[in-house]
Structure formats: C-alpha cells, structure tokens
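Note sheet for the following structure.
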Amino acid sequence: MTKSKKVFLNGEYLPVEKAHISVMDRGFLFGDGIYEVIPVYQGSLFRFEEHLERLENSLKLTRIENPYSREEWRDIMLPLIDVTKDQYIYFQVTRGAAEKRDHAFPIGVKPTVFMMCNDIAPFNGKEEGVKAISVEDNRWSACNIKAIALLGNILLRQQAVEKDCAEAILVREGYVTEGSASNVFAVIDGILITPPKNNFILAGITRDVILELAEVNRIPYAEDIISLDALKTASEIWFASSTREILPVIELDGQLIAGGKVGRLWHTMNGLLQSYKTTYAETHK
Ligand SMILES: Cc1ncc(COP(=O)(O)O)c(C=O)c1O
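Just so we're aligned, residue 274 is where the sequence shown starts under the working numbering, counting upward by one.
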C-alpha cells in the first residue's frame, strides 16, 4: 500500500484524505484567497524570502490577515519536504469560513491555511521547445495578486491545450502581458525583453532570477512593452515559471520561431539557471 500524502491544514499535519474544509470557506464559495508556489531543490526553499515577500503583498492587497511570521511559515514547510527530490511547496490562505455567504468581509473569522508538497515532474518537451498560441487577455486588472481565483487563466490555458499547445501568450490591447501561468520573454534584435511589472502581470520570481542572471552575465536585456507584431519577429520566445523553469517556444500561432529550433540564448540562460539553482541550494541549507 502506498503511504498517504501528508498535508498541512490549519495548524495540523494530516493525511490528505483526512484534510477537510468547511463548504462555507470563502476560498470554496468565492475563490477569496491567495497562494504561493516555492520550488525546493535538495531540500532548500528556492528564493524563500522573495516568495514570502510576494505572499505578504498578496495578503496586503486582499486585506487577508497573515497568520504567521516568515520563520513560522518556514517551520511549517520543512516537515512536508522530501530532501531527496526536486519538489515544490504549494500553500494558500483564504479569508476563512463565515456563517453566511455574503460578499462583504466577515468579522472575527480566521483565515484558512492549506499547504502541500509535490514532486516537480520534468516537463516534457523542454529541450525540444513547445508550441504556443496568442489569445486576448480578458482577465481582471489585478493580476499582480497571486489569487486562487484562476478561472480566467484556466479558460485561456485550456484554449492552448485544445490547440495542442503548451501555453497561451496573453495579449491586452495589442501588447503581450504574460502566459496563462508564466511570464514571457522574447529576444528581439539581440535584446532579451520581458514586459515591465505592473497590475496586468504577476511579478514572477523566475522572471527576476532571469533578469539578475542577464545583468551579471552582461546579456543585453530590457523590461519593455512587446507588441504582438514585434513578438512575431522574435528570434526566441520563452516562458518562465517556478515549476517549468524556462520553456523555449518554437511555434507561435502555427508559425515557426527561428526555423523551429531552440535558440542559442535559451541554452545559455538555462545553463546559468541550473548552476544558480545548485549554488543557491548549497548556500541556503
Ligand atoms: C499568471 C502567472 N504569471 C507568472 C507566473 C510565474 O511566476 P513564478 O516565476 O513566481 O512561478 C505564474 C506562475 O504560476 C503565473 O501563474
């Protein structure tokens, strides 16, 4: 028999099948909550402080109380981790379960905290590149909050999946915002470009790491707007996220990008990221 998975729920570690929440939980009824995903390499929480900073920001913007300090959050995470594998911690905080369903904030209700740890499965097609489509970004304008209410993102991702694509590139008024669950990078005229941080994108932690690596390694880069027309002239396009890392795109809307081959800069950046991850894990035990 396989050992059942242990998760954390409201102060307790439980087998996943014993972890239950109320049907009155506002996360369930309204999607009223926020979440984070932190990769764990060799037992070390990758860019823990940055992820916690983003969590604190999401909580502040949604006015949900932060139940724990950073050290308490870390202490909750550690028992869930298997140090022999690459994994990721998923955790979410909802506004909690109120007596009645009412849009306005309930009074005197404690947030619900749920956390689990899963293996990072190697992403199929990372070395060969993936296909993508562009779609109109019809989500709300507070995409900087890492909200559990992901219906907009889900519907957009599904459009990509149904066209045999790995991800959708979201476009608002002619300009790229991000992917349905990732940030977007393009190499145009030899410069690595990613859209600037604002309320229409989630400030990805992987995005920041890539920009830092570009800076340190003197790779020309810019945080700048990218029109869909300009994107179509790119010599490379990548998606960036914690669980898929850097994913090269070889086809956009049925047209090959740079002849359908994974670009040179992707190989360089992927190499830099892999060394950075190893060094980070060794120095952040
Ligand atoms: C909409 C969206 N943008 C960007 C990202 C990338 O963020 P990170 O690099 O922190 O995983 C994600 C990750 O899930 C996302 O869902």
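Just so it is clear, CB atoms sit at the ideal spot from N, CA and C, and this is done for glycine as well.
Through-space distance from residue j to residue i, alpha-carbon basis
{"i": "Thr516", "j": "Pro312", "result": "7 Å"}
{"i": "Glu509", "j": "Arg368", "result": "41 Å"}
{"i": "Pro288", "j": "Ile362", "result": "16 Å"}
{"i": "Pro468", "j": "Gly527", "result": "23 Å"}
{"i": "Leu304", "j": "Ala422", "result": "Contrary to the premise, residue 304 reads as Gly rather than Leu in this sequence. Near 5 Å, if we compare the C-alpha coordinates of Ala422 and Gly304."}
{"i": "Cys390", "j": "Phe364", "result": "9 Å"}
{"i": "Ser331", "j": "Val366", "result": "10 Å"}
{"i": "Met542", "j": "Glu488", "result": "12 Å"}
{"i": "Asp355", "j": "Ile478", "result": "22 Å"}
{"i": "Ile498", "j": "Val449", "result": "7 Å"}
{"i": "Asp298", "j": "Tyr286", "result": "19 Å"}
{"i": "Ala370", "j": "Asn339", "result": "16 Å"}
{"i": "Ile523", "j": "Leu545", "result": "21 Å"}
{"i": "Lys373", "j": "Gly300", "result": "14 Å"}
{"i": "Ser317", "j": "Leu504", "result": "36 Å"}
{"i": "Leu328", "j": "Ala415", "result": "15 Å"}
{"i": "Pro521", "j": "Gly447", "result": "22 Å"}
Local conformation of residue i per DSSP, three classes
{"i": "Tyr553", "result": "helix"}
{"i": "Asn426", "result": "helix"}
{"i": "Ala371", "result": "coil"}
{"i": "Val460", "result": "strand"}
{"i": "Ala559", "result": "This structure does not reach residue 559, given that the chain is present from 274 up to 558, and the question cannot be answered."}
{"i": "Leu475", "result": "coil"}
{"i": "Phe387", "result": "strand"}
{"i": "Gln528", "result": "strand"}
{"i": "Asp359", "result": "coil"}
{"i": "Val449", "result": "strand"}
{"i": "Glu338", "result": "coil"}
{"i": "Asp392", "result": "strand"}
{"i": "Lys279", "result": "strand"}
{"i": "Pro521", "result": "strand"}
{"i": "Phe319", "result": "coil"}
{"i": "Ala441", "result": "strand"}
{"i": "Pro469", "result": "coil"}
Contact under 9 Å by Cβ, residue i with residue j
{"i": "Val535", "j": "Glu344", "result": "no"}
{"i": "Thr335", "j": "Ile418", "result": "yes"}
{"i": "Phe321", "j": "Val403", "result": "no"}
{"i": "Ala292", "j": "Leu282", "result": "yes"}
{"i": "Ala554", "j": "Gln315", "result": "yes"}
{"i": "Val310", "j": "Tyr341", "result": "no"}
{"i": "Met388", "j": "Ile337", "result": "no"}
{"i": "Leu353", "j": "Val280", "result": "yes"}
{"i": "Ser514", "j": "Asn472", "result": "no"}
{"i": "Ala531", "j": "Ala495", "result": "no"}
{"i": "Phe319", "j": "Lys470", "result": "no"}
{"i": "Gln431", "j": "Asp392", "result": "no"}
{"i": "Gly381", "j": "Ala439", "result": "no"}
{"i": "Glu409", "j": "Leu465", "result": "no"}
{"i": "Leu429", "j": "Arg445", "result": "no"}
{"i": "Ala405", "j": "Ala459", "result": "no"}
{"i": "Phe396", "j": "Glu290", "result": "no"}
{"i": "Ile492", "j": "Leu486", "result": "yes"}
Classification of residue i by the beta-carbon crowding that lies within 10 angstroms, buried from 16 upward
{"i": "Asp375", "result": "exposed"}
{"i": "Leu525", "result": "buried"}
{"i": "His540", "result": "exposed"}
{"i": "Ile482", "result": "Going by the sequence as given, residue 482 is Val instead of Ile. Per the 10 Å Cβ criterion, buried."}
{"i": "Asn426", "result": "buried"}
{"i": "Trp346", "result": "buried"}
{"i": "Gly306", "result": "buried"}
Below-9 Å beta-carbon distance, residue i vs any chain B residue
{"i": "Ser455", "result": "The question asks about chain B, but that chain is absent: this structure has only one protein chain."}
Heavy atom of ligand 3 within 8 Å of residue i beta-carbon
{"i": "Val444", "result": "In the structure shown, ligand 3 is absent; the only ligands present are ligand 1."}
> What alpha helix (DSSP H) runs, 4 residues minimum, are completely inside the region 492-519?
Replying inline: Restricting attention to alpha helix (DSSP H) runs no shorter than 4 residues, the region 492-519 encloses them at 501-504, ordered along the chain.
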